[in-house]
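A.B. asks:
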């Protein structure tokens, strides 16, 4: 009986759209890694709707980068693409941890969902702002 309930929740069909993402990650600190993540700007509908739903993440060094992402397109509602970056200046793999350094982030918003090649320039400059806060403060 439990198997029936579990399988009933996971039968949604998900399609993917492949996008080639290129750009530059700028920083005065050229040694610390940068965590770049891809998010749906909005995901789902009604009471379940929420901003900045992450679906992929990769680590890059500052400078030019290239990344191919497969954007999931579920049957539920999605809107826009966010590319978020934060730099791990204390190398603890935690963004603005309690005992860590103040770390910086940035975000690009892409509203054209027909693009298959996207170029972004990101410079982490916002202290300890998570993707949901950056999106709410700068793109809403």
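Residue numbers (this note's numbering): 29 to 168. Don't be surprised by glycine CBs; every beta carbon is placed ideally from N, CA and C. Note that the structure is predicted; figures quoted are calculated from it, not measured.
To the nearest angstrom, how far is the alpha carbon of residue 143 from that of residue 149?
C.D. replies: On the chain shown, residue 143 is found 115 positions in, with the first residue counted as 1. On the chain shown, residue 149 is found 121 positions in, with the first residue counted as 1. Approximately 16 Å, taken between the alpha carbons.
A.B. asks: Quick one: give me the first and last residue of the beta strand (DSSP E) that residue 150 is part of.
C.D. replies: The residue you call residue 150 lines up with position 122 of the chain shown. Unbroken beta strand (DSSP E) run through residue 150: 145-150.
A.B. asks: Determine the DSSP secondary structure at residue 157, reduced to helix, strand or coil.
C.D. replies: The residue given as residue 157 occupies position 129 in the chain shown. Coil at residue 157, not helix or strand.
A.B. asks: Our contact map puts residue 93 next to residue 53 with C-beta atoms below 8 Å; I'd like the distance itself, whole angstroms only.
C.D. replies: For this step, residue 93 is matched to residue 65 along the chain shown. For this step, residue 53 is matched to residue 25 along the chain shown. The C-beta distance from residue 93 to residue 53 rounds to 6 Å, short enough to fall under 8 Å.
A.B. asks: In the structure shown, what three-state DSSP assignment does residue 118 receive?
C.D. replies: Indexing the chain shown from 1 puts residue 118 at position 90. Of the three classes helix, strand and coil, the one that applies to residue 118 here is coil, per DSSP.
A.B. asks: Output the distance between the C-alpha atoms of residue 156 and residue 46, rounded to the nearest integer angstrom.
C.D. replies: As a working mapping, residue 156 is identified with position 128 in the chain shown. As a working mapping, residue 46 is identified with position 18 in the chain shown. When rounded, the distance between both Cα atoms is 30 Å.
A.B. asks: If I measure Cβ to Cβ from residue 81 and keep anything under 7 Å in the same chain, skipping five residues before and after, which residues do I get?
C.D. replies: Within the chain shown, the letter at position 53 stands for residue 81. Only 67, 68 and 71 meet the Cβ criterion.
A.B. asks: Nearest-angstrom Cα distance between residue 73 and residue 108?
C.D. replies: Your numbering for residue 73 matches position 45 in the chain shown. Your numbering for residue 108 matches position 80 in the chain shown. Straight-line Cα distance between these residues: approximately 14 Å.
A.B. asks: Spell out the partners DSSP gives residue 133 in its beta bridges.
C.D. replies: Counted from its first residue, the chain shown places residue 133 at position 105. 114 and 154.
A.B. asks: Identify whether residue 74 lies in helix, strand or coil by the three-state DSSP scheme.
C.D. replies: The sequence position of residue 74 within the chain shown is 46, counting from 1. Three-state result, residue 74: helix.
A.B. asks: Would you tell me roughly how many angstroms separate the C-alpha atoms of residue 115 and residue 136, rounded to the nearest one?
C.D. replies: For the purposes of this step, residue 115 is taken as residue 87 along the chain shown, with counting starting at 1. For the purposes of this step, residue 136 is taken as residue 108 along the chain shown, with counting starting at 1. The alpha-carbon atoms of residue 115 and residue 136 are separated by roughly 15 Å.
A.B. asks: Rounded to a whole number of angstroms, what is the C-alpha to C-alpha distance between residue 159 and residue 100?
C.D. replies: Locating residue 159 in the chain shown gives position 131, counting from the first residue. Locating residue 100 in the chain shown gives position 72, counting from the first residue. Each residue's Cα considered, the two are about 19 Å apart.
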